[in-house]
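Heads up: the structure comes next, in structure tokens.
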Amino acid sequence: MSVAATTAPLELRGLCKSYGAVRAVNGVDLEVEPGSICALLGPSGCGKTTTLRLIAGLERPDSGEIAIGERTLAGPSVMVAPEKRRIGMVFQDYALFPHLDVAGNVGYGLGRRPDAKRIAHVLDLVGLGGEGGRSVHELSGGQQQRVALARALAPTPELVLLDEPFSNLDAGLRERLRDEVAAILHEAGVTALFVTHDQAEALSIAGTVAVMREGRIEQVGTPEEIYSRPGSRWVAGFLGEIEVVPGEARDGRVSCELGTVATDSGVSGEVDVLVRPESVAIGVSGPQDATEAEVIARRFYGHDQLLELRLASGLTIHSRRFGFPSWHAGDKVRAWIDGPSDVLPREPVSLRSGPAGAA
Amino acid sequence: MATAARRPPTPLLIAGIVIGAAAMLPAGYLLLIVAGELGPALEVAVDPDTLLVVARTLALAAAVTATAIAIALPIAWLTVRTDLPARRLWAALCTLPLVIPSYVGAYLFVAALGPNGLLQDALGVERLPSIYGFTGAWLVLSLFTFPLVLLPVRATLRRIDPQLEDAARAMGRAPLEVFRTVVIPQLWPALAAGGLLVALYVMSDFGAVSIMRFDSFTSEIYIAYKSAFDRTAAAGLGAVLVVLMLVLLWINSRVRNANAVHRLGPGPARPPKPYALGRWRAPALAFCAAVVLIALVLPVGVLVYWSTKGISSGSTSFELVGALATNTLLAASFAALVGGACAVAVALLASRFPGSASRAIERSSHAGYALPGIVVALALVYFATRAFEPIYQTLTLLVFALVVHYLPLGIGAIGSSLAQVPPRVEEAARGLGRGPSQVFATITMPLVRGGILAGTALVFLHAAKELPATLILAPIGFETLATEIWNQTSFGFYEASAIPSLVLLAIAAPPIFFLSERGTVTS
Numbered sequence: 000m001s002v003a004a005t006t007a008p009l010e011l012r013g014l015c016k017s018y019g020a021v022r023a024v025n026g027v028d029l030e031v032e033p034g035s036i037c038a039l040l041g042p043s044g045c046g047k048t049t050t051l052r053l054i055a056g057l058e059r060p061d062s063g064e065i066a067i068g069e070r071t072l073a074g075p076s077v078m079v080a081p082e083k084r085r086i087g088m089v090f091q092d093y094a095l096f097p098h099l100d101v102a103g104n105v106g107y108g109l110g111r112r113p114d115a116k117r118i119a120h121v122l123d124l125v126g127l128g129g130e131g132g133r134s135v136h137e138l139s140g141g142q143q144q145r146v147a148l149a150r151a152l153a154p155t156p157e158l159v160l161l162d163e164p165f166s167n168l169d170a171g172l173r174e175r176l177r178d179e180v181a182a183i184l185h186e187a188g189v190t191a192l193f194v195t196h197d198q199a200e201a202l203s204i205a206g207t208v209a210v211m212r213e214g215r216i217e218q219v220g221t222p223e224e225i226y227s228r229p230g231s232r233w234v235a236g237f238l239g240e241i242e243v244v245p246g247e248a249r250d251g252r253v254s255c256e257l258g259t260v261a262t263d264s265g266v267s268g269e270v271d272v273l274v275r276p277e278s279v280a281i282g283v284s285g286p287q288d289a290t291e292a293e294v295i296a297r298r299f300y301g302h303d304q305l306l307e308l309r310l311a312s313g314l315t316i317h318s319r320r321f322g323f324p325s326w327h328a329g330d331k332v333r334a335w336i337d338g339p340s341d342v343l344p345r346e347p348v349s350l351r352s353g354p355a356g357a358a
Numbered sequence: 000m001a002t003a004a005r006r007p008p009t010p011l012l013i014a015g016i017v018i019g020a021a022a023m024l025p026a027g028y029l030l031l032i033v034a035g036e037l038g039p040a041l042e043v044a045v046d047p048d049t050l051l052v053v054a055r056t057l058a059l060a061a062a063v064t065a066t067a068i069a070i071a072l073p074i075a076w077l078t079v080r081t082d083l084p085a086r087r088l089w090a091a092l093c094t095l096p097l098v099i100p101s102y103v104g105a106y107l108f109v110a111a112l113g114p115n116g117l118l119q120d121a122l123g124v125e126r127l128p129s130i131y132g133f134t135g136a137w138l139v140l141s142l143f144t145f146p147l148v149l150l151p152v153r154a155t156l157r158r159i160d161p162q163l164e165d166a167a168r169a170m171g172r173a174p175l176e177v178f179r180t181v182v183i184p185q186l187w188p189a190l191a192a193g194g195l196l197v198a199l200y201v202m203s204d205f206g207a208v209s210i211m212r213f214d215s216f217t218s219e220i221y222i223a224y225k226s227a228f229d230r231t232a233a234a235g236l237g238a239v240l241v242v243l244m245l246v247l248l249w250i251n252s253r254v255r256n257a258n259a260v261h262r263l264g265p266g267p268a269r270p271p272k273p274y275a276l277g278r279w280r281a282p283a284l285a286f287c288a289a290v291v292l293i294a295l296v297l298p299v300g301v302l303v304y305w306s307t308k309g310i311s312s313g314s315t316s317f318e319l320v321g322a323l324a325t326n327t328l329l330a331a332s333f334a335a336l337v338g339g340a341c342a343v344a345v346a347l348l349a350s351r352f353p354g355s356a357s358r359a360i361e362r363s364s365h366a367g368y369a370l371p372g373i374v375v376a377l378a379l380v381y382f383a384t385r386a387f388e389p390i391y392q393t394l395t396l397l398v399f400a401l402v403v404h405y406l407p408l409g410i411g412a413i414g415s416s417l418a419q420v421p422p423r424v425e426e427a428a429r430g431l432g433r434g435p436s437q438v439f440a441t442i443t444m445p446l447v448r449g450g451i452l453a454g455t456a457l458v459f460l461h462a463a464k465e466l467p468a469t470l471i472l473a474p475i476g477f478e479t480l481a482t483e484i485w486n487q488t489s490f491g492f493y494e495a496s497a498i499p500s501l502v503l504l505a506i507a508a509p510p511i512f513f514l515s516e517r518g519t520v521t522s
């Protein structure tokens, strides 16, 4: 049995919101497909939580539109009250009602005489069947999180918004709950938009990731696209470690110090090849176009090791390999690209600085 | 996350404006009188006699504040940080003197040590050294106000991170030095706040200083008002006193802002290891016991003695006491109900609809508290006799004065419990399909019920004990426990004051108990 009745996409068009001189949200366009999970990913202060509050109706946009299908929720002459939007929200600190028990919280959105069967059903869905009588103070962080989710899902919303839903949980619990919540949302069939600053969280749960920066959406795509084909050095760097190797593109092929790779990006001339450390392979021998390199430092993490290499040209880059076999500083090796890479036109050096990890 | 200011609902805004304006009435009217007769009023203000009264009042306030801190600080430390036996009991016993109104305390002091008092009877001598004047007022007020310092200092001591002291010890500082360099600086805001409460209390106190025959501001004002119905002199003195109180309040706000102690990081929830008293245990116990004996056991004992004496001699009229108690409950309950409702409106405006209008309303609602009760009462007498004759000599005027005077206590209690309800919880309720008024009824109200009860109880407690406003504003023939104690004591009828005092304590005790459980006994 499906919990939600979503048939129309959520659309944001040119959404803007300022607080005084600060443009928190500065022209956001986004479409979220019905039934999908979308992550709004960005560093703190990028405007992602404000975007969520605008959608929920807790803030009024300065300009732009919010609509679910044909139904406009906010626009130049429209401002639907939060209680009339049919949007569920899971707050970062859960915001459970401390004076109500679990069932009271979950049933709050179901009107004055909530349907006990509905409450039981939603509690079953989040794995808290039979716990309706407990006080919310007695629950662990993970259980409170699930009550908050059940409460948001109970009134059959068209959309569920989740604000940093896992940031209050410790690391081990966070990963487990991440998968559980994704499964619950899929089973409920509800459209979900969640905000996070954690790349791993966004990439692992969402069907679509929208990367946000300084009030704007920088790039939208599947997790794989965003990770392996970032549209900018900034997105590349925000999503993980990235190495930049200068190269030259011609006729769909790019040659750089690490060899020659195919590209469909259509650029030609001087380019930067963006490659993640795990796509930099090393070996005693290698393909013909691999380059000579020397291991100059090694950090061992157990399941993998990060090697710092100095290439023949003097460029230093990183390679992430499995934990074994061990490499050591001073090892002479060959290095080449083995995996996805992306190509962007060369920028002047001064523009290359991105966030941490772009080095 | 910044949240845009929302416009308050119109009925709430109108209610707020009416409350704010009502609270400004006494101060505004006092100003009007003084401005209308500026010459004579100024003459009163700069009169050498007035300056002498200023000096006397300030000296008393300073002496009482220092003594209250000297009593409260050791007790706070002993009952929070050491292995003093039964430390919770001592702490509870040491807050109880707050139940005793200062004029009851003063009356008991006189009844025990004054002419024809217990001590004189027991010794069988003709004369005792006089206890009236500065010494008596100082002792009585110190004994019954030190809990105002004890409560905030204890609360702060419990909250500060003991790891800081461990760290200071590890850096080679001796325990006493750690106390001076680490603990005291963190206690400073609480000491300042409690000390200023005491100073304000002393300056606005009427009952104790009058009974102890110490000529402080309030007693001079009352004499000026009573003897000649001298409007200008009383108003001029009142205005000077208000200026003094405002200066203290201003210092208070500066001190608080400058010394707000922020705890860096949550720190561990580890309770501090109690400090072993060792051979200091006996002196520590003796100190606590002496304070409890003098400030609690002796007064209550004297009260019980005179009561039994009054009952056995047949001079106590239970009908009279019943009528007095009824009147007291009547006035205090009205004040508490009206005050509680007004406080909810103002606190809601201030916490949920921040903006310039709400801020102005909240500030003006505090105007009545900056005035001593006697000045509020005087201003309202003048207002009623001059501008609004029908309410003069009515219960309405008395209730109005009590509400205006004690409203900020209610706002404080309700406001702080509103502040503990995160707006997110209300937003979550909105998102679940409930409109603003439904959210208020189903979420906000149940969560702040305790705060509303506390605020109402605070107004009730203070209204029941209020002496000067009741003396001046109660309709002729409407006597309360407070005015009866005052009247009988001024004639030296100790027996007749005892039963009303006991009944007043009994009325005050339940709200005090409830409030100290919540930790909101001081504003």
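Residue numbers (numbering that gives the first Met the number 0), protein chains in the order written: chain A, 0 to 358; chain B, 0 to 522. Every residue, glycine too, gets a C-beta built ideally from N, C-alpha and C.
8 Å CB neighbourhood of residue i in its chain, flanking five on each side removed
{"i": "B/T180", "result": "A167, R172"}
{"i": "B/F513", "result": "L452, A453, A456"}
Euclidean distance between Cα positions of residue i and residue j
{"i": "B/S141", "j": "B/V201", "result": "9 Å"}
{"i": "A/E293", "j": "A/A328", "result": "8 Å"}
{"i": "A/A361", "j": "A/T49", "result": "Look at the range of chain A in this structure, 0 to 358, and you will see that residue 361 of chain A is not part of it."}
{"i": "A/F299", "j": "A/K331", "result": "18 Å"}
{"i": "B/V424", "j": "B/L328", "result": "38 Å"}
{"i": "A/G34", "j": "A/L184", "result": "9 Å"}
{"i": "B/P265", "j": "B/T155", "result": "Note that B/P265 scores 45 on pLDDT, short of 50, meaning its location in the model is unreliable and no value can be drawn from it."}
{"i": "B/L72", "j": "B/F387", "result": "48 Å"}
{"i": "B/P353", "j": "B/E426", "result": "16 Å"}
{"i": "A/P354", "j": "B/V17", "result": "Any reading at A/P354 must be qualified, since the residue scores a pLDDT of 46, below 50, and its modelled position is unreliable; the value itself is stated next. Taking the straight line from one Cα to the other gives about 56 Å."}
{"i": "B/G313", "j": "B/L501", "result": "17 Å"}
{"i": "B/E36", "j": "B/T56", "result": "25 Å"}
{"i": "B/G104", "j": "B/P10", "result": "44 Å"}
{"i": "B/K464", "j": "A/S17", "result": "52 Å"}
CB of residue i within 9 Å of CB of residue j, strictly
{"i": "A/V253", "j": "A/V272", "result": "yes"}
{"i": "B/L431", "j": "B/H365", "result": "no"}
{"i": "A/L53", "j": "A/I67", "result": "no"}
{"i": "A/V135", "j": "A/V101", "result": "yes"}
{"i": "A/F323", "j": "A/L40", "result": "no"}
{"i": "B/V45", "j": "B/T231", "result": "no"}
{"i": "B/V152", "j": "B/L195", "result": "no"}
{"i": "A/L305", "j": "A/I281", "result": "no"}
{"i": "B/A342", "j": "B/A412", "result": "yes"}
Same chain only: Cβ atoms within 7 Å of residue i, ignoring 5 sequence neighbours per side
{"i": "B/A349", "result": "S357, E361, G414"}
{"i": "A/R215", "result": "N25, G26, V27"}
{"i": "B/V382", "result": "First, the residue type needs correcting, since residue 382 of chain B is Phe and not Val in the sequence shown. Here the set comprises L24, Y28."}
{"i": "B/V290", "result": "I70, I74, C93"}
{"i": "B/R433", "result": "T441"}
Selected residue, minimal CA-CA separation from residue i, among the options
{"i": "B/P128", "options": "B/A20, B/V53, B/V109", "result": "B/V109"}
{"i": "B/L150", "options": "B/V177, B/P96, B/I390", "result": "B/P96"}
{"i": "A/A289", "options": "A/L257, A/V266, A/A261", "result": "A/L257"}
{"i": "A/Q142", "options": "A/L158, A/V125, A/I316", "result": "A/V125"}
{"i": "B/V458", "options": "B/P435, B/L408, B/C287, B/L323", "result": "B/L408"}
{"i": "B/V287", "options": "B/A91, B/R126, B/S209", "result": "The sequence shown places Cys at residue 287 of chain B, rather than the Val named in the question. Minimum Cα distance to B/C287 is reached at B/A91."}
Same chain, Cβ closer than 6 Å to residue i, neighbours up to 5 away in sequence not counted
{"i": "B/A428", "result": "V438, I442"}
{"i": "A/R22", "result": "G214"}
{"i": "A/G230", "result": "Q218"}
Meets three-Cβ-pair contact criterion under 8 Å: the segment 394 to 405 of chain B and the segment 373 to 382 of chain B: yes
Cβ pair count under 8 Å reaching 3, the segment 161 to 170 of chain A against the segment 189 to 196 of chain A: yes
Segment contact, 8 Å Cβ cut-off, at least three pairs: the segment 110 to 128 of chain B with the segment 309 to 329 of chain B: no
Sufficient close CB pairs (3 or more, under 8 Å) joining the segment 141 to 155 of chain A to the segment 73 to 89 of chain A: yes
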